[in-house]
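One structure is given here, and the rest of the page talks about it.
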Amino acid sequence: MKIGISCHHTYGGSGAIAAELGKALAAKGHIVHFFSQAAPFRLGTFSPNIFCHEVEAMHYPLFECPFYSLALASKIADIAYYEKLDVVHAHYAIPHALSAMLARQMLEDKCAEAKQFKLVTTLHGTDITVVGADRGMKDVVRLAINKSDAVTAVSGYLKDETVRMFSPKKEVTVIPNFVDTSLFFRSPKQEIRRQLGLGEEKIVIHISNFRPVKCIGDIVHIFHALSHETDATLLLVGDGPERNGAETLVRQLGISGRVRFLGKLDDIVPLLSIADLMLMPSNVESFGLAALEAMACGVPVVATMAGGFPEFIVPGEHGYLLAPGDIEGMTEKAMLLLSDSAHWLVCSEACVQQAKRYETALLVEEYEAYYLKLLEGE
Ligand code: GMT
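Counting the sequence shown from 1 gives a position; our numbering is that position plus 9.
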């Protein structure tokens, strides 16, 4: 198949999943064209079947903001016309699905006989729960969903939210996120501890784009409470709007020596391999890919029972799920995992087994079958 993938290139789960999906499809012999503002952060090295099209919006003094969505539509239409794409897969409803929808109209307008592509949209989370909930954006998100040929959501929770908020005309199919366990596995290196100036203390980790939904302040408060009872270090990986506030809070609480802000890093496996606990106290999370990747590396998770977490984290088996904002409860469970090594080991092994149920190969096959079914229905 010839598949176009339109996604955000920035640090975050939807871009990661789109890049991993494209790489896996290309490895299976499909031709994959990526459309994004810059190369997606997880794309990695050269593949003969992957083509990356960076979309540049035109700058003109009259336009205060360049029209990225229109430039994206033009680029998709152009490549679809010359490369005869079978499918365009939009990751995140806005603007990707909408731009692809416009691209179809451009294609038809340019040449009525041109091959038309099928439009698949995968909903990732805040495209529904935040952007879709905004009064000014709701109708445009609804249009993007209803004009897609097929719609998937990354969790049952997100499917239910989409149905509740938009009553879509088409069935929303759940295809969960995935992890490549041949890359994400525990392989602790003493060298990493040395480079970070760490001793043998326990490591608590959090990885995200530091948006308000991630509740970074709660992480700092949980760790502050933990720091009274353990000599653990907290590694904070990623960057975003809440980082400055978190840095200030860490200083105010007097735990600067115990917390490392590592910024955005592509290769997180070495860090997950030395981690003992992943903290994800998000107040909403459609799936929580970073938690699944941590589990694949044998790291139990303390997260919230919000959104998609309960679909793959079983409390007591893979970590614990508490109510959003329950700092005391999360601290207690985190302390349990850090102090009871026998319990930790059982959880860690169960996490690795659970992650295998979300193996990339299995879920990519589901997407492939999904595209084929759509094309056969032509
Ligand atoms: O929706 C976002 O905030 C951005 C998006 C991203 O690009 O990271 O995250 C969402 O998609 C991920 C991949 O499917 C999910 O793992 C995240 O849970 C989801 N974020 C939220 O629902 C907050």
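Note that beta-carbon positions come from the ideal geometry of N, C-alpha and C, so glycine has one too.
Quiz prompt | Through-space distance from histidine 17 to alanine 99, alpha-carbon basis | solution = As a working mapping, residue 99 is identified with position 90 in the sequence shown. As a working mapping, residue 17 is identified with position 8 in the sequence shown. Looking at the two C-alpha atoms, the distance is approximately 10 Å.
Practice problem: Taking the CB atoms as reference points, tell me whether histidine 42 and isoleucine 88 lie closer together than 7 Å. | Solution: Position 33 of the sequence shown holds residue 42. Position 79 of the sequence shown holds residue 88. Their beta carbons are under 7 Å apart, which means histidine 42 touches isoleucine 88 by this criterion.
Quiz prompt | C-beta contact flag for leucine 243 and valine 278 at 7 Å | solution = Position 234 of the sequence shown, counted from the start, is the residue given in the question as residue 243. Position 269 of the sequence shown, counted from the start, is the residue given in the question as residue 278. Contact: no.
Practice problem: Note down, one range per segment and in chain order, each beta strand (DSSP E) of at least 3 residues found wholly within the segment 174–210. | Solution: 181–183
Quiz item: What are the boundary residues of the beta strand (DSSP E) that includes methionine 146?
Solution: Here residue 146 is taken as the residue at index 137 of the sequence shown, counted from 1. Counted as a single uninterrupted DSSP element, the stretch harbouring methionine 146 is not any beta strand (DSSP E), since DSSP gives it neither H nor E.
Quiz item: Touching or not, the segment 73–93 and the segment 110–118, by the rule of three or more beta carbon pairs under 8 Å?
Solution: yes
Practice problem: Using alpha carbons as the reference points, say which of Ser23, Gly316, Lys342 lies closest to glutamate 170. | Solution: The residue given as residue 170 occupies position 161 in the sequence shown. It is Gly316.
Exercise. With DSSP collapsed to three states, give me the class of isoleucine 418.
Key: A question about residue 418 goes unanswered here, because the residues of the chain that appear run from 10 up to 387.
Quiz prompt | Buried versus exposed, by CB contacts within 10 Å (16 or more), aspartate 148 | solution = The residue labelled residue 148 in the question sits at position 139 within the sequence shown. Label assigned to aspartate 148: exposed.
Quiz prompt | Neighbourhood of glutamate 375 by C-beta distance below 8 Å, restricted to the same chain and skipping five residues each side | solution = For the purposes of this step, residue 375 is identified with residue 366 of the sequence shown, where counting begins at 1. Cβ within range, chain order: Ile184.
Quiz prompt | CB contact flag (alanine 28, proline 49, <7 Å) | solution = The residue given as residue 28 occupies position 19 in the sequence shown. The residue given as residue 49 occupies position 40 in the sequence shown. Yes, Cβ-Cβ distance for alanine 28 and proline 49 is below 7 Å.
Exercise. Using the DSSP secondary-structure output, state which residues sit across from methionine 289 in a beta bridge.
Key: To locate residue 289, count along the sequence shown from 1; it is residue 280. Beta bridge pairing from DSSP links methionine 289 with Ala312.
Quiz item: Does at least one heavy atom of ligand 1 sit under 6 Å from the Cβ of serine 295?
Solution: Numbered from its first residue, the sequence shown carries residue 295 at position 286. Serine 295: yes, Cβ under 6 Å from ligand 1.
Quiz item: Is the beta carbon of serine 23 within less than 6 Å of some heavy atom of ligand 1?
Solution: As a working mapping, residue 23 is identified with position 14 in the sequence shown. Yes - ligand 1 has a heavy atom lying nearer than 6 Å to the Cβ of serine 23.
Self-check item: 7 Å Cβ shell around leucine 167 - same chain, five flanking residues per side excluded
Solution: Your numbering for residue 167 matches position 158 in the sequence shown. Leu132, Gly134, Ile137, Ser295, Gly317.
Quiz item: Does the beta-carbon distance from glutamate 368 to threonine 190 come in below 7 Å?
Solution: Locating residue 368 in the sequence shown gives position 359, where the first residue counts as 1. Locating residue 190 in the sequence shown gives position 181, where the first residue counts as 1. Between glutamate 368 and threonine 190, the gap from beta carbon to beta carbon is short of 7 Å.
Quiz item: Below 7 Å between beta carbons: does that hold for leucine 383 and alanine 159?
Solution: Along the sequence shown, read from residue 1 onward, the residue named residue 383 stands at position 374. Along the sequence shown, read from residue 1 onward, the residue named residue 159 stands at position 150. In this structure, alanine 159 lies closer than 7 Å to leucine 383 by Cβ.
Exercise. Select from Ala300, Ala241, Leu286 the residue whose C-alpha is nearest the C-alpha of histidine 352.
Key: Within the sequence shown, the letter at position 343 stands for residue 352. For the residues Ala300, Ala241, Leu286, the minimum Cα distance to histidine 352 belongs to Leu286.
Quiz item: Tell me which same chain residues have a C-beta within less than 8 Å of the C-beta of proline 250, skipping the five on either side of it?
Solution: On the sequence shown, residue 250 is found 241 positions in, with the first residue counted as 1. Apart from the 5 residues on each side of it in sequence, proline 250 sits with its Cβ closer than 8 Å to the Cβ of Phe219, Arg220, Pro221 in its chain, given in chain order.
Quiz item: Looking at the structure shown, is cysteine 306 part of a helix, part of a strand, or coil, going by DSSP?
Solution: Here residue 306 refers to the residue found at position 297 of the sequence shown. Three-state result, cysteine 306: coil.
Exercise. Starting from serine 15, trace the beta strand (DSSP E) both ways and give me its first and last residue.
Key: Sequence index remark: in the sequence shown, residue 15 carries index 6 (1-based). Taken as a continuous stretch (DSSP letters only), the beta strand (DSSP E) holding serine 15 covers 11–15.
Quiz item: For the segment 327–335 against the segment 175–183, are there 3 or more C-beta pairs whose distance is under 8 Å?
Solution: no
Quiz item: Nearest to alanine 370 by alpha carbon, out of Ile216, Leu192, Arg252, Pro309?
Solution: Here residue 370 refers to the residue found at position 361 when the sequence shown is read from its first residue. Checked all of Ile216, Leu192, Arg252, Pro309; the closest Cα to alanine 370 is Leu192.
Exercise. Alpha carbon to alpha carbon, how far is methionine 10 from leucine 274? Give it in angstroms, no decimals.
Key: For the purposes of this step, residue 274 is taken as the residue at position 265 of the sequence shown. For the purposes of this step, residue 10 is taken as the residue at position 1 of the sequence shown. Straight-line Cα distance between these residues: approximately 32 Å.
Self-check item: Own chain partners of isoleucine 322 with C-beta closer than 7 Å, once the 5 adjacent residues on each side are dropped
Solution: Within the sequence shown, residue 322 is the residue found at index 313, counting from 1. Once the five neighbours on either side are set aside, the close Cβ partners of isoleucine 322 are Ala300, Val310, Ala312, Gly328, Leu330.
Quiz item: With distances taken from CA atoms, which of Glu73, Val129, Gly254 is nearest serine 15?
Solution: To locate residue 15, count along the sequence shown from 1; it is residue 6. Among Glu73, Val129, Gly254, the Cα nearest to that of serine 15 is on Val129.
Quiz item: Do you know offhand how far leucine 346's Cα is from isoleucine 231's?
Solution: Counting from 1 along the sequence shown, the entry for residue 346 is found at position 337. Counting from 1 along the sequence shown, the entry for residue 231 is found at position 222. Rounded to the nearest angstrom, the two C-alpha atoms are 14 Å apart.
Exercise. Taking lysine 124 as part of the beta strand (DSSP E), name the residues at either end of that continuous run.
Key: For the purposes of this step, residue 124 is taken as the residue at position 115 of the sequence shown. Premise fails: lysine 124 is in no beta strand (DSSP E) and is neither H nor E.
Practice problem: On the DSSP bridge assignment, give the partners of proline 324 in chain order. | Solution: One-based indexing of the sequence shown puts residue 324 at position 315. Gly328.
Quiz item: Looking at the structure shown, is histidine 133 part of a helix, part of a strand, or coil, going by DSSP?
Solution: Taking the first residue of the sequence shown as position 1, residue 133 is located at position 124. Coil.
Self-check item: Neighbourhood of alanine 25 by C-beta distance below 7 Å, restricted to the same chain and skipping five residues each side
Solution: The residue labelled residue 25 in the question sits at position 16 within the sequence shown. For alanine 25, where only same-chain residues beyond five positions count, the Cβ hits under 7 Å are Arg51, Leu298.
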